[in-house]
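Residue numbers (this note's numbering), protein chains in the order written: chain E, 12 to 166; chain D, 4 to 413. Don't be surprised by glycine CBs; every beta carbon is placed ideally from N, CA and C. It should be emphasised that the depicted structure is a prediction, and the values quoted were computed from it without experimental measurement. Quick notes on the structure that follows.
Below is the structure:
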């Protein structure tokens, strides 16, 4: 891992979280490669070796569908997130980068209620080429098995 | 409509009215724990597959009471209160594992896997001093044991003094609805919990409300996964405790939605990745959806190939935990396993067709808070609890209240 790679991963993380927190969700799928995978699961499932996801997508198209559903079909009270990310630990393995980043997400409801909604870590596989960095795989491992009310906006 | 009911007296209209104090009266909460969850009802505890071999256990709940479910060295399944005979501390502090006995961490009293008290630390004292009198009988305060029955891989328990058998409680149609889904040995896929901002009863009413499914859950309707015009039906059992709502996978006629210009029938909404909705008819009967719920707090779900058990744990008057466990079968091939995992996007707290339930029950809790003496109106499909072909009906919700009133003697 070199300093350019480190900066590229940190920049990707920052822009990713910012897009979600600023409600630019239509841009969210483009942080992934076209066959990118996105899995939200719990530390408990991971520890037991169980494959179930709370959200499980295997292509950018599935991510676009999720945003379309959020915008057009699903019903939930207005809310937004604030991500706080840790410093990623990065390893370069055969041309791809693996990054592990802690996160905390506060949820701010339209009523003003602000709660610590989720904590955990991202385990990412990142492709870095001439055009920029993208997630080939992003696994969101939640520390808790409990989600309060619902998980609409992606983490 | 203004009601003239006094607390704990049911409205004269019967099952077609539900008084809002039922969701907000703190005295009622404790009475429900005693009469319903620790009374003559059958409560789902866990899947038998969660106790995969001898000397394994998992914790569960009977209402808000913690219980331990075990499989002993001989393979027999037991369930008992998670409470030490001595000071009432939890005996088991972890959700699952392997163990040959339980030892309370507080004073090291020990129990076998059937919940029998087997050892009291320093019972005879040390060096002839201290300890208990030989006449003391701490065993009398041992954790209460549940009566346990296993039906098609589902473990149920009751603390009731006079419960009917599980199959009598459920009735033949509910039993066959369970056997239909639980067709083979279970393979666990994983789980999670949803913390609901509402009284436990609001979630159970929601699962028994076949009328809301295609109206609240617009994803469902838009993709014709479930419309009330699809062929299907509603089964409510004799005591109201059990219901099945089902629909066939193929859409027959759905123009009522478009004609009524409901928000749930949006044109031009198509998926970029339609494989999300791919499924196989693994049960061979064309039924694409079957929701089966049993009073007080259990749901068995088949949505296409997405199978799950859900159990509700009351956590006070206005908070409940919904525990989801998703599963397939040991004989599933890779393709079916993949379908189940992909269709899991439809369910749970982030589910395309279920995320709204957690919020909607909270809306009722908040909306009705200032109106304890007002009444909710449940007149879709008449006023009774009989089975019917139409799911534009609240018969199963009325069934819930029939079972509730019977257990609460209300």
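Separation of residue 50 of chain E and residue 75 of chain E (C-alpha to C-alpha, rounded to the nearest whole angstrom) is 15 Å. Look at residue 210 of chain D here: in three-state DSSP terms it is helix.
Under the 10 Å beta carbon count, residue 140 of chain E is surrounded by fewer than 16 other beta carbons and is classified as exposed. Collapsing the DSSP output to three states places residue 375 of chain D in coil.
Residue 38 of chain D sits buried, since 16 or more C-beta atoms from the chains shown fall within 10 Å of its C-beta. For residue 175 of chain D, no beta strand (DSSP E) segment is defined; the enclosing uninterrupted segment is the alpha helix (DSSP H) at 175-184.
Assignment of residue 66 of chain E by DSSP, reduced to helix, strand and coil, places it in the strand class. Listed along chain D, the residues sitting closer than 8 Å to residue 87 of chain E by beta-carbon distance are 358, 359 and 362. In terms of beta-carbon proximity, residue 95 of chain D stays away from the interface with chain E, with every pair separated by 9 Å or more.
At a beta-carbon threshold of 8 Å, none of the residues of chain E lie near residue 49 of chain D; the nearest stands roughly 14 Å away. Taking each of D/136, D/120 and D/121 in turn and checking the Cα distance to residue 127 of chain D, the smallest one comes out for D/136.
Contact of residue 251 of chain D with chain E is not assigned, every C-beta pair being separated by 9 Å or more.
DSSP, reduced to helix, strand and coil, places residue 368 of chain D within a helical segment of the structure shown. Taking a cut-off of 8 Å on C-beta distances, the stretch 166-173 of chain D does not touch the stretch 316-327 of chain D, as fewer than three cross pairs fall below it. The shortest CA-to-CA distance from residue 69 of chain E to any of E/44, E/53 and E/59 is the one to E/44. With a beta-carbon spacing of about 6 Å, residue 65 of chain E and residue 195 of chain D fall inside the 8 Å limit used to define contacts. Taking a beta-carbon distance threshold of 9 Å, residue 77 of chain E counts as an interface residue toward chain D.
Under the DSSP assignment, residue 233 of chain D falls outside any alpha helix (DSSP H); it carries neither an H nor an E label. Going by C-alpha positions, residue 382 of chain D is about 15 Å away from residue 209 of chain D. Beta-bridge pairing by DSSP links residue 138 of chain E to E/145. Listed in chain order, the positions of the stretch 194-219 of chain D with a beta carbon within less than 9 Å of a beta carbon of chain E are 194, 195, 196, 197, 198, 199, 200 and 219.
In this structure, the straight-line span from the alpha carbon of residue 54 of chain E to that of residue 327 of chain D is close to 15 Å. Listed along chain D, the residues sitting closer than 7 Å to residue 159 of chain E by beta-carbon distance are 198. Contact of residue 36 of chain E with chain D is not assigned, every C-beta pair being separated by 9 Å or more. Rounded to the nearest whole angstrom, the C-alpha separation of residue 205 of chain D and residue 20 of chain E is 45 Å.
Taking the CA atoms as reference points, residue 71 of chain E sits about 12 Å from residue 274 of chain D. Where residue 327 of chain D is concerned, the enclosing beta strand (DSSP E) starts and stops at 323-332. One finds 72, 75 and 76 in chain E with Cβ atoms closer than 7 Å to the Cβ of residue 275 of chain D, taken in chain order.
As the crow flies, the alpha-carbon of residue 201 of chain D is around 11 Å from that of residue 207 of chain D. When the five nearest sequence neighbours on each side are left out, the beta carbons in the same chain lying within less than 7 Å of the beta carbon of residue 406 of chain D are those of 242, 243, 244 and 298, in order along the chain. Here residue 99 of chain E is not bridged, per DSSP, to any residue. In the pairwise beta carbon analysis, the stretch 35-54 of chain D is classified as touching the stretch 150-168 of chain D: at least three pairs are separated by under 8 Å. By the Cβ-count criterion, residue 129 of chain D is exposed, with fewer than 16 other Cβ atoms from all chains shown falling within 10 Å of its own Cβ. Closer than 9 Å to the CB of residue 145 of chain E there is not a single CB belonging to chain D.
Assignment of residue 109 of chain D by DSSP, reduced to helix, strand and coil, places it in the coil class. Residue range 120-122 is occupied by the beta strand (DSSP E) that includes residue 120 of chain D.
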